[in-house]
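Enquirer:
There are 2 protein chains.
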Amino acid sequence: MKRITLLDVASHAGVSRATASLVVRDSPLVGAATRAKVEAAMAELGYVYNLGAARMRAARSRTAGVIIPNLTNPFFAVLLAGIESALETAGLAVILANSNESAAKQDGFVNRMREHGVDGLIVCPAEGTEQRFVDDARRWGMPLVQTLRFLPGTSADYAGMDPAAGMREAVQCLFDFGHRRIGYIAADTLHSAHTERLASFHDAMAASGLDPLFVRQIESTHHTARMAAPEIMNRPARPTALICHNDVLGLGLHRGLSDLGVMPGRDVSLVGFDNVAEADLVRPGLASVATEPFKVGEMAARLLLRRIERPDAEVLHETEPTYFVQRGSCGPVRSTVSAVEA
Amino acid sequence: MKRITLLDVASHAGVSRATASLVVRDSPLVGAATRAKVEAAMAELGYVYNLGAARMRAARSRTAGVIIPNLTNPFFAVLLAGIESALETAGLAVILANSNESAAKQDGFVNRMREHGVDGLIVCPAEGTEQRFVDDARRWGMPLVQTLRFLPGTSADYAGMDPAAGMREAVQCLFDFGHRRIGYIAADTLHSAHTERLASFHDAMAASGLDPLFVRQIESTHHTARMAAPEIMNRPARPTALICHNDVLGLGLHRGLSDLGVMPGRDVSLVGFDNVAEADLVRPGLASVATEPFKVGEMAARLLLRRIERPDAEVLHETEPTYFVQRGSCGPVRSTVSAVEA
DNA sequence: CTTATCATTTAGATCGATCTAAACGCACGG
DNA sequence: CCGTGCGTTTAGATCGATCTAAATGATAAG
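Chains as they are written, first to last, in UniProt numbering: chain A, 1 to 342; chain B, 1 to 342.
1) Where do the N-terminal and C-terminal ends of the beta strand (DSSP E) with N63 of chain A fall, by residue?
2) H222 of chain A by DSSP, collapsed to three states: which one?
3) In chain order, what residues of the same chain lie with their CB nearer than 7 Å to the CB of H222 of chain A, ignoring the 5 residues before and after it?
4) List the DSSP bridge partners of P321 of chain A.
5) Tell me, to the nearest whole angstrom, how far the beta carbon of R17 of chain B is from that of L7 of chain B; I am working on the premise that it is less than 8 Å.
6) Which residue or residues does DSSP assign as beta-bridge partners of residue 345 of chain B?
7) With C-beta atoms as the reference, is H245 of chain B less than 8 Å away from L286 of chain B?
8) Apart from the five residues just before and just after F109 of chain B, which ones in its own chain have a Cβ nearer than 8 Å to its Cβ?
9) Roughly how many angstroms lie between the CA atoms of A41 of chain B and S21 of chain B, to the nearest whole one?
10) What residue from A:R181, A:E101, A:R62 has the CA that sits closest to V123 of chain A's CA?
11) Who are C330 of chain A's beta bridge partners in DSSP?
12) In angstroms, rounded to a whole number, what distance separates the CA positions of A279 of chain B and G328 of chain B?
13) Give me the Cβ distance between L303 of chain A and V78 of chain A, rounded to the nearest whole Å; I'm assuming they're in contact under 8 Å.
14) If you draw a straight line from the alpha carbon of M205 of chain A to that of F75 of chain B, how long is it in whole angstroms?
15) With the cut-off set at 8 Å, would you say A300 of chain B and I83 of chain B are in Cβ contact?
16) Secondary structure at C173 of chain B, three-state DSSP: helix, strand or coil?
17) Roughly how many angstroms separate the alpha carbons of D119 of chain A and V134 of chain A, rounded to a whole number?
18) Across which residues does DSSP place I95 of chain A in a beta bridge pair?
19) Since D259 of chain A is in the alpha helix (DSSP H), which residue starts that stretch and which ends it?
20) If you measure from the beta carbon of A342 of chain B to each beta carbon in chain A, is any gap under 8 Å?
21) Report yes if the CB atom of R216 of chain A is closer than 8 Å to the CB atom of G256 of chain A, and no otherwise.
22) Would DSSP call A186 of chain B helix, strand or coil?
23) Which two residues bound the contiguous beta strand (DSSP E) that contains F273 of chain A?
24) If I measure Cβ to Cβ from L87 of chain A and keep anything under 6 Å in the same chain, skipping five residues before and after, which residues do I get?
25) Thinking C-alpha only, which one of B:V9, B:P236, B:A170, B:V289 is nearest V48 of chain B?
26) To which residues does DSSP link I308 of chain A through a beta bridge?
27) May I have the straight-line CA-CA distance separating S258 of chain A from A170 of chain A, to the nearest angstrom?
28) State buried or exposed for H179 of chain A, treating a residue as buried only when at least 16 other CB atoms are found within 10 Å of its CB.
29) Taking 8 Å as the CB-CB cut-off, is H254 of chain A touching chain B?
30) Output yes if chain B places a C-beta closer than 8 Å to the C-beta of N234 of chain A; else output no.
31) Using CA coordinates, which residue listed in A:L45, A:P264, A:A81, A:L260 is at the minimum distance from I243 of chain A?
32) Once you ignore the five residues that flank A241 of chain B on each side, which residues in its own chain have a CB closer than 6 Å to its CB?
33) S288 of chain A lies in the beta strand (DSSP E); which residues open and close that run?
34) Less than 8 Å between the CB atoms is what I'm expecting for D267 of chain A and S220 of chain A, so what's the real figure, rounded?
35) Please report whether the beta-carbon of M227 of chain A lies at a distance below 8 Å from any beta-carbon of chain B.
36) Assuming V148 of chain B and A193 of chain B form a contact by the criterion Cβ under 8 Å, report the distance between their Cβ atoms to the nearest whole angstrom.
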């Protein structure tokens with residue numbers, strides 16, 4: 001039992017190999033009657049197209065490489081879902097790799113992707129990725145899209161999100177509730193998503209005529225955030241509101257504050273970032289700036305398809321806007337702060 | 001600027017194409033001095049191995065297809081992470097597809113995977129997948145591993161989880177707290193994971209000498225579960241404890257009950273399934289039966305590698321045990337139930 | 001000195017498709 | 001009747017590796 005090839009199909013249909021090839025590729029050159037004959041033969045023999053052989057002659061391979069720093073994080077999983085969805089619609093298969101935030105592993109994966117002959121790459125660069133990464137891709141003629149994180153100083157397509165609008169709405173909401181002492185809980189990682197959000201915080205505060213009370217860096221896990229709650233609330237300059245770099249920190253802190261008997265929305269206002277599903281499940285609900293990773297994924301895929309089609313098109317930076325979702329964790333500043341401190 | 005081939009490497013190193021081929025494949029046939037020469041040439045020319053060409057002659061393609069029903073669900077995302085991790089260690093690249101619970105799409109993906117010449121498939125079958133699915137794979141000689149869900153009546157390797165241990169511990173814990181009126185909240189989907197967990201619930205109850213109070217089906221979303229809380233608590237046979245098919249239902253119900261002023265762990269005990277990270281963040285924490293999707297993913301990958309290596313090996317069903325994680329949402333049954341109803 | 005043995009190396013066919021360029025059949029106008 | 005043009009079809013070369021089977025050279029044995 002050997003593999004059925006185009007040649008088998010062709011002889012079974014009484015045409016040449018070349019004609020059969022034209023049929024599988026939906027070429028307009030082939031006549032309707034011939035096409036029907038060949039298609040019947042294909043069905044009858046159970047022919048399976050061999051993309052591997054095709055890729056050798058033709059340039060395209062109908063695959064794209066996707067490198068994600070951490071699949072365990074639902075945020076990236078949804079991003080991946082968006083990428084997969086859009087690429088699949090365009091007929092490209094996704095070859096997946098998980099860099100685990102290791103730039104070295106990431107380099108290895110890029111090599112493997114090249115060996116597989118992918119038509120292009122979508123990468124959310126691992127921490128510590130160097131500019132060289134993007135330059136190499138350009139040198140190799142490999143279409144590349146960065147997503148969610150952008151390597152400064154590089155020139156490549158980018159699909160990300162713009163925290164500005166959501167952040168401004170969040171700060172405005174807090175301001176309207178009377179908050180003036182607002183702290184920022186940052187993550188300890190140092191990629192562009194971090195600095196972008198922090199910068200947008202500073203901008204939004206300035207727009208409301210406020211100075212940040214403090215910026216505190218915390219490792220981005222539920223546990224560390226939870227444990228950091230006492231330290232944050234007991235600092236001399238006690239905040240009345242906190243904005244967190246993401247919902248991992250926001251939810252962790254939510255729980256940490258509750259443990260202390262400090263009720264979010266009443267004793268302190270709390271804002272997260274990403275609006276994960278669970279933000280709506282804690283009590284009170286965690287107000288959060290919604291970002292839409294699925295849409296960002298689709299956007300990244302579209303940029304890649306465009307780049308594959310037109311390698312010399314101008315470099316694009318596209319961002320998805322964010323918006324604030326108010327929930328119970330934000331409320332009016334308490335008139336008698338001393339009562340809380342007692 | 002054309003592509004560097006093995007022939008270029010060979011002539012640059014002063015050997016034949018065949019020898020160069022042996023070097024890239026780490027064959028022991030080639031001498032040390034020659035190997036060094038060829039490797040130097042490869043580095044100098046920036047040679048990239050062409051897996052597409054190799055796959056045409058050789059059988060293996062160093063890729064595996066993975067089809068998941070829903071990437072947006074963190075549970076599957078972690079499963080995927082486990083699969084990816086183990087396959088990558090073995091040098092196989094993952095071609096990913098998201099069936100979105102559509103059997104038709106799933107069929108399409110299997111075809112695409114065949115066209116790509118994958119060495120094997122790991123599939124968590126979409127709802128409504130027919131037995132034919134597994135039979136086809138066997139007929140095609142395509143190594144196949146089912147994971148998390150098992151098509152009844154089929155014979156193929158399977159990597160899943162065994163809810164029995166965790167379920168028994170959960171029921172035992174509730175029993176020890178004095179609970180006798182225990183209801184089960186099931187999902188509305190009908191695959192094997194559903195029936196397995198439900199069956200393990202019945203077994204565990206029987207082992208404690210109890211009869212299930214009721215089994216209620218709910219669509220598996222946070223929102224529906226939350227909305228169903230009143231109906232569940234107001235039924236004539238009011239439960240003192242609830243076990244949920246997964247944490248999506250568990251967390252949704254946790255919030256729904258809280259909304260009613262029914263406090264989990266005090267007024268009713270609540271157990272989830274999967275032990276997602278967020279189970280520890282709500283207040284009180286949601287007790288949950290821990291399953292380890294990452295390990296299941298690794299297990300599925302191992303099974304596939306074994307099957308690829310030995311196509312005729314006996315069919316294996318492997319399961320990862322589960323265990324109960326107690327948290328605040330489980331507590332002693334209240335002596336005066338009427339007080340709650342007031 | 002010849003022959004057998006062993007470890008290396010290699011030429012040439014081959015995998016299954018696509019590409020190029022030419023050939024084919026047919027209708028039409030001169 | 002011939003040349004031209006158009007829509008189809010095709011033979012043969014080709015992509016870049018691997019495979020088979022044979023050649024090569026060095027060493028050991030007879």
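Each residue gets a CB set at the ideal place from its N, CA and C atoms; glycine is no exception. All of these numbers come straight from a predicted model, not from anything done at the bench.
Expert: Answer, in terms of the structure:
1) Taking the first sequence and counting its residues from 1, one reaches residue 63 of chain A at position 63. The displayed chain sequence assigns Thr, not Asn, to residue 63 of chain A. Taken as a continuous stretch (DSSP letters only), the beta strand (DSSP E) holding T63 of chain A covers 63–68.
2) As a first step, residue 222 of chain A must be located in the first sequence, where it is residue number 222. Residue state, collapsed to three classes: helix.
3) For the purposes of this step, residue 222 of chain A is identified with residue 222 of the first sequence, where counting begins at 1. The residues are V248, L251, G252.
4) Within the first sequence, numbered from 1, the residue matching residue 321 of chain A stands at position 321. Answer by DSSP bridge pairing, in chain order: A:D162.
5) Counting from one through the second sequence, the residue named residue 17 of chain B turns up at place 17. Counting from one through the second sequence, the residue named residue 7 of chain B turns up at place 7. Confirmed, Cβ separation roughly 5 Å.
6) Nothing can be reported for residue 345 of chain B: it is not among the residues displayed for chain B, which extend from 1 to 342.
7) Locating residue 245 of chain B in the second sequence gives position 245, where the first residue counts as 1. Locating residue 286 of chain B in the second sequence gives position 286, where the first residue counts as 1. Result no, Cβ atoms of H245 of chain B and L286 of chain B do not sit closer than 8 Å.
8) Here residue 109 of chain B refers to the residue found at position 109 of the second sequence. Within the same chain, F109 of chain B has close Cβ partners G65, I67, A97, S99.
9) By 1-based counting over the second sequence, the position of residue 41 of chain B is 41. By 1-based counting over the second sequence, the position of residue 21 of chain B is 21. Linking A41 of chain B to S21 of chain B through their CA atoms gives a straight-line distance of about 13 Å.
10) Your numbering for residue 123 of chain A matches position 123 in the first sequence. Residue A:E101 is the option with its Cα nearest to V123 of chain A.
11) For the purposes of this step, residue 330 of chain A is identified with residue 330 of the first sequence, where counting begins at 1. In DSSP, C330 of chain A forms no bridge with anything.
12) On the second sequence, position 279 is the one that residue 279 of chain B refers to. On the second sequence, position 328 is the one that residue 328 of chain B refers to. Taking the straight line joining both Cα atoms gives about 10 Å.
13) By one-based count along the first sequence, residue 303 of chain A stands at place 303. By one-based count along the first sequence, residue 78 of chain A stands at place 78. Wrong, their Cβ atoms sit about 18 Å apart, outside the cutoff.
14) Position 205 of the first sequence, counted from the first residue, corresponds to residue 205 of chain A. Position 75 of the second sequence, counted from the first residue, corresponds to residue 75 of chain B. For M205 of chain A and F75 of chain B, the distance between alpha carbons rounds to 38 Å.
15) Counting from one through the second sequence, the residue named residue 300 of chain B turns up at place 300. Counting from one through the second sequence, the residue named residue 83 of chain B turns up at place 83. Against a cut-off of 8 Å, the Cβ pair of I83 of chain B and A300 of chain B comes out as a contact.
16) Taking the second sequence and counting its residues from 1, the one referred to as residue 173 of chain B is at position 173. C173 of chain B falls in the helix class under three-state DSSP.
17) Position 119 of the first sequence, counting from 1, holds the residue named residue 119 of chain A. Position 134 of the first sequence, counting from 1, holds the residue named residue 134 of chain A. Taking the straight line joining both Cα atoms gives about 16 Å.
18) By 1-based counting over the first sequence, the position of residue 95 of chain A is 95. I95 of chain A pairs with A:G65, B:I95.
19) Taking the first residue of the first sequence as 1, we reach residue 259 of chain A at position 259. Per DSSP, D259 of chain A belongs to the alpha helix (DSSP H) from 247–260.
20) Position 342 of the second sequence holds residue 342 of chain B. Legend: pLDDT at A342 of chain B = 36, less than 50; position of this residue unreliable, no value from coordinates given.
21) The residue given as residue 216 of chain A occupies position 216 in the first sequence. The residue given as residue 256 of chain A occupies position 256 in the first sequence. Contact flag unset, no.
22) Sequence index remark: in the second sequence, residue 186 of chain B carries index 186 (1-based). Three-state DSSP puts A186 of chain B in a strand.
23) Here the question's residue 273 of chain A lines up with position 273 in the first sequence. Element bounds for F273 of chain A: 269–274.
24) Position 87 of the first sequence holds residue 87 of chain A. Answer for L87 of chain A: A64, V94, A301, listed in chain order.
25) Residue mapping note: residue 48 of chain B aligns to position 48 of the second sequence, counting from 1. The option with the nearest alpha carbon to V48 of chain B is B:V9.
26) The residue given as residue 308 of chain A occupies position 308 in the first sequence. None; I308 of chain A has no bridge partner.
27) Indexing the first sequence from 1 puts residue 258 of chain A at position 258. Indexing the first sequence from 1 puts residue 170 of chain A at position 170. One C-alpha to the other measures close to 21 Å.
28) Numbered from 1 along the first sequence, position 179 holds the residue referred to as residue 179 of chain A. Classification for H179 of chain A: buried.
29) Counting from 1 along the first sequence, the entry for residue 254 of chain A is found at position 254. Closer than 8 Å: yes.
30) In the first sequence, counting from the first residue as 1, residue 234 of chain A sits at position 234. Chain B, which has no Cβ nearer than 8 Å to the Cβ of N234 of chain A, makes this no.
31) Your numbering for residue 243 of chain A matches position 243 in the first sequence. The shortest C-alpha separation from I243 of chain A is found at A:P264.
32) Within the second sequence, the letter at position 241 stands for residue 241 of chain B. Closer than 6 Å at Cβ, skipping near neighbours: L174, H179, I182, S269.
33) Indexing the first sequence from 1 puts residue 288 of chain A at position 288. First-last of the beta strand (DSSP E) with S288 of chain A: 287–290.
34) In the first sequence, the residue the question calls residue 267 of chain A occupies position 267. In the first sequence, the residue the question calls residue 220 of chain A occupies position 220. With a Cβ gap of about 24 Å, D267 of chain A and S220 of chain A do not count as contacting.
35) On the first sequence, residue 227 of chain A is found 227 positions in, with the first residue counted as 1. With 8 Å as the cut-off, M227 of chain A does not count as an interface residue toward chain B.
36) Within the second sequence, numbered from 1, the residue matching residue 148 of chain B stands at position 148. Within the second sequence, numbered from 1, the residue matching residue 193 of chain B stands at position 193. A small correction: the amino acid at residue 148 of chain B is Leu; Val does not occupy that position in the sequence shown. Yes, they are in contact, since the Cβ atoms of L148 of chain B and A193 of chain B sit about 6 Å apart, within 8 Å.
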